Amino acid sequence: MAPTSPPPASVRSISCPNCGGTVELRGMGRTVSAVCVQCLSVIDTSTPAMAVVQKFESNQRFQPLIPLGTRGKLRGELYEAIGFQVRQLVVEGVSYAWSEYVLFNPYKGFRYLTEYNGHWSDVYVLTSVPEVSGEGRSKRAKHLNENFRHFQHYTATTIYVMGEFPWQVRVGETAVCDDYVDPPRLLSSERTGNEVTWSLGEYTPGATIWQSFQLKGAAPPPVGVFANQPSPYKGQIGKAWKRFLFWAAALLALQLLFSATHSNTFVFSRHFKFQPQPGKTDNAFVTEIFDLKGHTSSVEVSIRSSTAGTLFYNLALINEETGRALDFGREASVSDHVVLPAVPSGRYYLRVEPETPYSNIGEVQYQIDVRRDVTTWVFFVIGLILLLVPPIFASLRSSMFEGKRWQESDYAPTSSEDS
Amino acid sequence: MPKPSANCPNCGAPVSFQFSGAVQTTCPYCHSILVRHDVDLEKVGQVANLPPDVSPIQRLTEGIWNQRSFVVVGRILYQYEQGAWNEWHCVTNLGESWWLSDAMARYAVSKLVPLPPKLPPPGELKPGLRLDLNGTRYEITSLTRARYIGVEGELPFEYWDKTECLFADLQTADSRFGTIDCTEDPPLLFLGESVPFDSLQLKNLRQFEGW
Chain A
8 MAPTSPPPAS VRSISCPNCG GTVELRGMGR TVSAVCVQCL SVIDTSTPAM
58 AVVQKFESNQ RFQPLIPLGT RGKLRGELYE AIGFQVRQLV VEGVSYAWSE
108 YVLFNPYKGF RYLTEYNGHW SDVYVLTSVP EVSGEGRSKR AKHLNENFRH
158 FQHYTATTIY VMGEFPWQVR VGETAVCDDY VDPPRLLSSE RTGNEVTWSL
208 GEYTPGATIW QSFQLKGAAP PPVGVFANQP SPYKGQIGKA WKRFLFWAAA
258 LLALQLLFSA THSNTFVFSR HFKFQPQPGK TDNAFVTEIF DLKGHTSSVE
308 VSIRSSTAGT LFYNLALINE ETGRALDFGR EASVSDHVVL PAVPSGRYYL
358 RVEPETPYSN IGEVQYQIDV RRDVTTWVFF VIGLILLLVP PIFASLRSSM
408 FEGKRWQESD YAPTSSEDS
Chain B
-14 MPKPSANCPN CGAPVSFQFS GAVQTTCPYC HSILVRHDVD LEKVGQVANL
36 PPDVSPIQRL TEGIWNQRSF VVVGRILYQY EQGAWNEWHC VTNLGESWWL
86 SDAMARYAVS KLVPLPPKLP PPGELKPGLR LDLNGTRYEI TSLTRARYIG
136 VEGELPFEYW DKTECLFADL QTADSRFGTI DCTEDPPLLF LGESVPFDSL
186 QLKNLRQFEG W
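Line by line, the protein sequences give chains A and B.
Using the working numbering, the first residue of the first sequence is number 8, and each one after it goes up by one.
Using the working numbering, the first residue of the second sequence is number -14, and each one after it goes up by one.
Rendered as structure tokens:
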């Protein structure tokens, strides 16, 4: 009962009805257009008449990177390259051309590859209609719960064809296209006449194509950043921040541990008054002596003043026994403090010299406190800043990459009208 | 279920049926189109020479969809400006009639909706039109004016003298599939699903040399 017609051969040759040259057909009856590359004729192969439906001209003979007739395994399926077209879009007088390959398997049907500047995508036609929402920058297309951002609206014009196509292909034919991206995927709608075709592409490294089709040499390196090219920094930002959080927490724990070992004791606290007098320049005095106990450790001297920004203090911590002085002038506003990192134990006093360029500010009250063995946060803060470098760097690199991607879109950060 | 059988009124060859509900078949020997009247077969026409077959599916191809097995028993072949496509008539293990369409190696399984909701008249069908059918929103994605080329094997209705046919293909956001078939009045509605080739687990396929 089964049909008795012999299985068709893989490649069938016909003579071009225009020039008589050989045209190889690999589409096994599935294709409806074939191109004679000798005389640049498009032949309608859907009917036995094999009529020439177009003769086209091209000032360039494009050569496919995957020779037609080459077979390769893509995602585990064997496909043969049977068709090749070059399409272009024009933006502000500049034309951009890309290649599209028709791949065929007599069971699985058609699949497509697109290539632009070394960027490849593996594409198939959808059997569903994605939902489009929003306008302009917030335009989105949703396909099976995946949201794609609108990237570009353009008119694609076919400028060169080779091999076979499962549709009536013509040079000069235009389609109105919208690309939406969710790297590494690219969702595309193509309108010809009043029919819309949706397709879904996945970014594929050129090396994968070269390996799949066993092509000679190496894949040309990609130029620039492509619409659906996955960002090498994607995921790195999150990882860098996670690493930051981990080390920041470790640093904080260490800091808390250190601060617990500090005694942080008050050794001196006094209230002073200062009455600026015209002509009087030397207002220096010394405090009483206080003890700094224990091992060599930090000392914090803090000043709180009742007047903002009008007083300067020249301070010195002086060891009573050795006479060694640690000078630290402070330009105190409301409050300020200084930490002297390593002060040996001993008996000390402060020499204080308040100064002001103003003589008419009246009496100033201020307080000086001295604390021994204080917790300093400066190393913690420095550590935190150092830890911030990698995640901020990752974020910067990532946003630069995304900037390059969107530079090619309808939503370029710097619009071309300005340039 | 005993399979009905009879002899071809044209050439006398035995003609058996896979599908007890078949109304029409073709004689595998002389390619006469035969219509069943109870036990008798009447020759109503002759199948023209069909163009070389391109589908990997053939009669007696078996597959599985929605956890039901089916076997291909017949087909209708159409041609349109972008090529040709097959509507393969399948019978399930429960005796249901299904259609497996192979258009440019894109496959879809659908069933006739016996009591369809009210459909717009054929003149109002156009791409982009949205229709709510049985609670699902479909969109007309293409209108196809097709030429009936021929039939083969068993079909659930008489179908052999058509000329121009108008079809509207429907899609959803989730790969459901439908066809409004305007060859009848009122039009017929078929609903189903677009299916990847591998998911049908097809057996007894045609072999393609070199593949």
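All C-beta atoms, glycine included, are put in the ideal place defined by N, C-alpha and C.
These numbers come from a predicted model, not from an experiment.
Taking its Cβ as the centre, do 16 or more other Cβ atoms sit within 10 Å of B/M(-14), making it buried, or is it exposed?
Caution applies to B/M(-14), whose pLDDT of 46 falls short of 50 and renders its modelled position unreliable; the value that the coordinates give is listed next. Classification of B/M(-14): exposed, given that the 10 Å Cβ count is below 16.
My output table needs one value for B/F182: the three-state DSSP class, helix, strand or coil.
helix
Kindly provide the ranges of any beta strand (DSSP E) runs that are 3 or more residues long and lie completely inside the region 69 to 148 of chain B, ordered along the chain.
82 to 88, 91 to 97, 115 to 118 and 121 to 138
Determine the extent of the beta strand (DSSP E) in which A/K246 is found, giving its start and end residues.
Segment Q243 to T268 is the alpha helix (DSSP H) holding A/K246; no beta strand (DSSP E) there.
Check whether the region -8 to 8 of chain B and the region 18 to 26 of chain B are in contact - that is, three or more C-beta pairs closer than 8 Å.
yes
Of all the CB atoms in chain B, is at least one closer than 9 Å to the CB of A/P14?
Residue confidence is low: A/P14 scores 43 on pLDDT, short of 50, so the model does not pin down where it sits. Its coordinate-derived value is still stated next. Taking Cβ atoms only, chain B reaches closer than 9 Å to A/P14, which makes this a yes.
Can you grab the Cα-Cα spacing for the pair A/Q175 / A/I50, in whole Å?
9 Å
Excluding the five sequence neighbours on either side, which residues of its own chain have a C-beta within less than 8 Å of the C-beta of A/S405, listed in chain order?
Its chain contains S238, Y240, K241, Q243 and I244 as the residues whose beta carbon lies nearer than 8 Å to that of A/S405, once the 5 sequence neighbours on both sides are disregarded; these appear in chain order.
Anyone know if the C-beta pair for A/V132 and A/T204 falls short of 9 Å?
yes
Proximity to A/V168 [Cα-Cα], best of A/E202, A/E64 and A/H126
A/E64
For A/F111, which residues does DSSP report across the bridge?
A/E87 and A/F117
Under a Cβ-count criterion, where at least 16 other Cβ atoms within 10 Å of its own Cβ denotes burial, should A/G90 be classed as buried or exposed?
Flag for A/G90 reads buried.
Within the same chain, show all residues whose beta-carbon is closer than 6 Å to that of A/R412, passing over the 5 residues directly before and after it, in chain order.
V232
Any C-beta of chain B sitting closer than 9 Å to the C-beta of A/V30?
no
Give the interface partners of B/V39 over in chain A, defined as CB-CB distance under 7 Å, in chain order.
M35, G36 and R37
For B/K28, decide whether its Cβ has a neighbour in chain A, counting only Cβ atoms nearer than 9 Å.
no
Show which residues of chain A have a CB atom less than 9 Å away from the CB atom of B/P112.
G200, N201, E202 and V203
Give the interface partners of B/Q67 over in chain A, defined as CB-CB distance under 9 Å, in chain order.
V39, S53, P173, W174 and Q175
B/G107 versus A/C26 - alpha carbon distance
The sequence given here has Pro at residue 107 of chain B, not Gly. So the alpha carbons of these two residues sit roughly 44 Å apart.
Against chain B: residues of the region 95 to 113 of chain A by CB proximity under 9 Å
If you check each beta-carbon in the region 95 to 113 of chain A against every beta-carbon of chain B, the ones closer than 9 Å belong to F111, N112 and P113.
Tell me the DSSP secondary structure of A/S405 in three-state form.
helix
Neighbour-count burial assignment, A/C23, 16 or more Cβ in a 10 Å radius
buried
Cβ-based burial, A/T211 [other Cβ within 10 Å; buried from 16]
buried
Could you tell me the distance, in whole angstroms, from the CA atom of A/L259 to the CA atom of A/I392?
13 Å
Less than 6 Å between C-beta atoms, sequence neighbours within five positions excluded: which residues of the same chain meet that for A/S270?
D380
Name, please, each residue of chain B whose Cβ falls closer than 9 Å to the Cβ of A/V60.
Under the 9 Å cutoff, chain B gives no residues; its nearest Cβ is about 11 Å from A/V60.
Restricting to Cα atoms, I'd like to know which of B/P41, B/P105, B/D25 and B/H16 is closest to B/Q31.
Looking from the CA of B/Q31, the closest CA among B/P41, B/P105, B/D25 and B/H16 belongs to B/H16.
Assuming A/S17 and A/P71 are in contact, meaning their beta carbons sit under 8 Å apart, how far apart are those beta carbons, in whole angstroms?
Wrong, their Cβ atoms sit about 19 Å apart, outside the cutoff.
Which one of A/F281, A/L96 and A/S40 has the shortest CA to CA distance from A/I166?
A/L96
Helix, strand or coil: how does DSSP classify A/K300 here?
Secondary structure of A/K300 (DSSP, three-state): coil.
Tell me the rounded alpha-carbon separation between A/S12 and A/Y114.
Because the pLDDT at A/S12 is just 44, under 50, the model does not fix this residue reliably, and the point stays unresolved.
Consider the Cβ of A/P10: report whether some Cβ of chain B lies at a distance smaller than 9 Å.
Note that A/P10 scores 42 on pLDDT, short of 50, meaning its location in the model is unreliable and no value can be drawn from it.
Counting only Cβ pairs nearer than 7 Å, list the residues of chain D close to A/E138.
Note that chain D does not occur in the displayed structure, where the protein chains are A and B.
Could you work out which residues of chain B lie near A/S17, taking near to mean beta carbons separated by less than 8 Å?
F193, E194, G195 and W196
Under 9 Å between C-beta atoms of B/V98 and B/W83:
no
Under 9 Å by beta carbon: chain B residues contacting A/K146:
Ordered by position in chain B, no residue passes the 9 Å Cβ test against A/K146, which lies about 17 Å from the chain.
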